[in-house]
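J.:
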Ligand code: BG6
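In the working numbering, the protein residues as written are 16 to 485.
#1: Note down the Cα distance separating residue 359 from residue 367, rounded to an integer number of angstroms.
#2: If we count the other Cβ atoms within 10 Å of its Cβ and call it buried at 16 or more, is residue 307 buried or exposed?
#3: For residue 293, does the count of other Cβ atoms within 10 angstroms reach 16, so buried, or fall short, so exposed?
#4: Taking the C-alpha atoms as reference points, what is the distance between residue 34 and residue 131?
#5: If I measure Cβ to Cβ from residue 476 and keep anything under 6 Å in the same chain, skipping five residues before and after, which residues do I get?
#6: When the Cα of residue 154 is compared with those of 252, 269 and 176, which residue comes out closest?
#7: Less than 8 Å between the CB atoms is what I'm expecting for residue 129 and residue 29, so what's the real figure, rounded?
#8: Strictly by DSSP, which residues pair up with residue 402?
#9: For residue 451, is the beta carbon positioned less than 7 Å from some heavy atom of ligand 1?
#10: Under DSSP, the beta strand (DSSP E) around residue 126 begins and ends at which residues?
#11: Alpha carbon to alpha carbon, what distance is there between residue 174 and residue 536?
#12: When the Cα of residue 72 is compared with those of 47, 58 and 98, which residue comes out closest?
#13: How many angstroms separate the CA atom of residue 96 from the CA atom of residue 135?
#14: Mind reading off the beta-carbon distance from residue 290 to residue 318? Whole number of angstroms is fine, and I expect it under 8 Å.
#15: Identify every run of the alpha helix (DSSP H) within the region 186-270, keeping only runs that are complete inside it and at least 4 residues long; order them along the chain.
#16: I'd like to know if the region 243-256 and the region 160-170 are in contact, where contact means that at least 3 CB-CB pairs between them fall below 8 Å.
#17: Alpha carbon to alpha carbon, how far is residue 213 from residue 219?
#18: Rounding to the nearest angstrom, what Cα-Cα distance links residue 196 and residue 190 in this structure?
#19: Please identify the residue among 380, 123 and 237 whose C-alpha is closest to the C-alpha of residue 309.
#20: Determine the burial state of residue 355: buried for a count of at least 16 other Cβ atoms within 10 Å of its Cβ, exposed for fewer.
#21: Return the Cβ separation of residue 295 and residue 434 in integer angstroms, given the expectation that the two are a contact with Cβ distance under 8 Å.
#22: My output table needs one value for residue 293: the three-state DSSP class, helix, strand or coil.
#23: At a threshold of 7 Å, does residue 346 count as lining ligand 1 (C-beta to nearest heavy atom)?
#24: Note down, in chain order, each residue of its chain lying with its Cβ closer than 8 Å to the Cβ of residue 252, except the 5 sequence neighbours on either side.
#25: Work out the CA separation of residue 228 and residue 340 for me, nearest whole Å.
#26: Could you please give the first and the last residue of the uninterrupted beta strand (DSSP E) stretch that includes residue 149?
#27: Less than 6 Å between C-beta atoms, sequence neighbours within five positions excluded: which residues of the same chain meet that for residue 276?
#28: Which residues bound the alpha helix (DSSP H) around residue 441?
#29: Any heavy atom of ligand 1 within a distance shorter than 7 Å of the CB on residue 99?
#30: Which residue marks the beginning of the alpha helix (DSSP H) containing residue 113, and which one marks its end?
#31: Is residue 159 near ligand 1, judged by its Cβ being under 7 Å from some heavy atom?
#32: Enumerated in chain order, which unbroken segments of the alpha helix (DSSP H) with a length of 4 residues or greater are wholly contained in the region 58-96?
#33: May I have the straight-line CA-CA distance separating residue 89 from residue 121, to the nearest angstrom?
#34: Give me the Cα-Cα distance between residue 138 and residue 350, rounded to the nearest whole angstrom.
#35: Could you please give the first and the last residue of the uninterrupted alpha helix (DSSP H) stretch that includes residue 44?
#36: Just checking, does the region 421-429 make contact with the region 179-188 on the three C-beta pairs under 8 Å criterion?
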């Protein structure tokens, strides 16, 4: 699918604001190294940050960041990356910082500015770029969270759009760069057997679980300002819902995909407090940076509806949590049982009718479950999974993919202004109006109140641990 709506010229420099920060350390440098190994890192990289750092210190930091992901097996690629690096230090509020950046950019005319900085600084940097004339022909890459509610997302869009055109703004949601998630779009629209059953007549419910068996680690301060709903549900899980629920794009081009996804968010019914169960793992309040009486959720389960012709009445259950029993992501699309019970066991005796299962992480799989007869006199059988895909590994990491796309000017896997705002509009009513977070023990599946949420339509499907999807 081509991308008719975005710029096709490649950037001629990459500027990383916040180059000494966590995101650059954990994600961006490893992605740049991967690009260098592949031979696709062909532009200068200019790091910008508040502290004064010598070029040698920056190179050291970059090397350490790459080493923490594993052994450096391609020394030439690392040297290439390090020799592409420059550094500009200075206050983001000072015009002199942007002048120095201009100098460092030299002849480059189409820089990509990556804002790997706290959201509170987005506006300052975007305005600084505009005032210094560094935004013309340039593009800006903005990390999630894009806003913290509807009002702030609108304001951020307003600021960004006052300096950059929409097709020059690349809003990152790294889930869109994952193979298993790209496959949802492909699988839905590259096959014809799905379409006749992909609607309210045949789908009983859809569940999406993103579980992590670890806590907030060193991100307590961030988590206190975010919580699970903002951190992963409004963005990562909603993006998955959009890909599952969207109508077929009207033409071959990602502009059409963006439009259909935005319509899904617009059709989502705004959440009400009783659609949401919030949880907090025991011990969270003792994490560094966390308030002793914190009510921030580290787990969130919700029920939602998409008020469209296709999905009217179909419940969508989403949940995510830290300190859960395992680390895995799965989608379960449960189909309605046969209308007549011809065999004793043909209704979902074990609580599950036929389903389609997308395993998203740690490995990817697509499985279709159907009943088959057991050999013997009796007409009884078992539900078996037919694997269409099992254990495919992504070629590129999401960050490598998204960074390369942004530099190439391909906006297919980024989020659009209207979609981001529509997604915030769905969660906005429950960001502050909600019941208290229930405590849950680490190592399980979250608070039991979430079972009551899904009870009218069955029970949660808990993804299996480990590498295999079975
Ligand atoms: C990030 C969240 O966006 O996504 C984290 O801030 C979460 O809290 C992470 O752990 C999950 O991403 P992945 O790729 O590890 O599933």
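Here a beta-carbon is modelled for each residue, glycine too, at the ideal position from N, C-alpha and C.
Model, not experiment: these values are computed from the prediction.
T.: Short version:
#1: 15 Å
#2: exposed
#3: buried
#4: 7 Å
#5: 222 and 347
#6: 176
#7: 7 Å
#8: 382
#9: no
#10: 126-130
#11: As shown, the chain starts at 16 and ends at 485. That puts residue 536 outside it, with no answer to give.
#12: 98
#13: 29 Å
#14: 5 Å
#15: 194-205, 235-241 and 253-260
#16: yes
#17: 10 Å
#18: 7 Å
#19: 237
#20: exposed
#21: The pair is not a contact, with the Cβ atoms about 29 Å apart (cut-off 8 Å).
#22: strand
#23: no
#24: 223, 225, 333 and 335
#25: 6 Å
#26: Where residue 149 is concerned, there is no enclosing beta strand (DSSP E), given that its DSSP letter is neither H nor E.
#27: 257, 261 and 434
#28: 432-446
#29: no
#30: 110-120
#31: yes
#32: 70-82
#33: 29 Å
#34: 46 Å
#35: 44-53
#36: yes
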